[in-house]
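Working notes, structure below.
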Amino acid sequence: MTGVDIDAWLWWLIGAAALGIALVITAMPELGMLAVGAVAAAVVSGIFGGGAVAQVAVFTVVSTALIAAVRPVARRHRSQRPELATGVDALKGKQAVVLERVDGSGGRIKLAGEVWSARALDTGRFYEVGQEVDVVDIEGATAIIM
């Protein structure tokens, strides 16, 4: 049996594919950056004929540069709140109209076209029918107003 001699560039591409599969399985973006480094090393080997030292150097430099450039941006995006509020978060800060007198123990308001149970934030205050109020929070199915 004869041994099959696989070129270095093909090994780098196999490594890049393995890293890509690991990226999909683990959702670790760093693995994708390492895969790009492996592709760059394959290019150095296959197209430019670079030796093992050049291949490892390109892999290291490209992978490190990508991680150094992309991770801070990703971390900044991950820590930001979404700009588009949905669900009950979208109702906070909206105005509503009192349908039934609202005090610290309850009442009803019309909020975003729907009737909601409501409670006054300040238990000593009350709001009369027709008054416009601000929704400060939602607790379960009850709007907290002021």
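For what it's worth, our numbering labels the leading residue of the sequence shown as 36, then goes sequentially. Using N, Cα and C, we set each Cβ at its ideal position, and we do this for glycine too.
Buried/exposed call for residue i, threshold 16 Cβ in 10 Å
{"i": "residue 80", "result": "buried"}
{"i": "residue 175", "result": "exposed"}
{"i": "residue 49", "result": "exposed"}
{"i": "residue 146", "result": "buried"}
Helix, strand or coil at residue i [DSSP, three-state]
{"i": "residue 49", "result": "helix"}
{"i": "residue 157", "result": "coil"}
{"i": "residue 167", "result": "strand"}
{"i": "residue 65", "result": "helix"}
Any non-hydrogen atom of the ligand SAH closer than 7 Å to residue i Cβ
{"i": "residue 105", "result": "The model on display carries no ligand, and the ligand SAH is accordingly not part of it."}
For residue j and residue i, the rounded distance between their alpha carbons
{"i": "residue 94", "j": "residue 69", "result": "8 Å"}
{"i": "residue 191", "j": "residue 159", "result": "Residue 191 is absent from the model: the chain starts at 36 and stops at 181."}
Other residues of its chain near residue i: CB distance less than 8 Å, five sequence neighbours each side excluded
{"i": "residue 143", "result": "133, 134, 135, 137, 150, 151, 152, 153"}
{"i": "residue 85", "result": "79, 93"}
{"i": "residue 157", "result": "139, 181"}
{"i": "residue 42", "result": "80, 81"}
Residues near residue i by beta carbon distance below 7 Å, same chain, minus five either side
{"i": "residue 163", "result": "133, 136"}
### Query
Along the chain, which unbroken stretches of the beta strand (DSSP E) at least 3 residues long are found entirely within the stretch 76-116?
none
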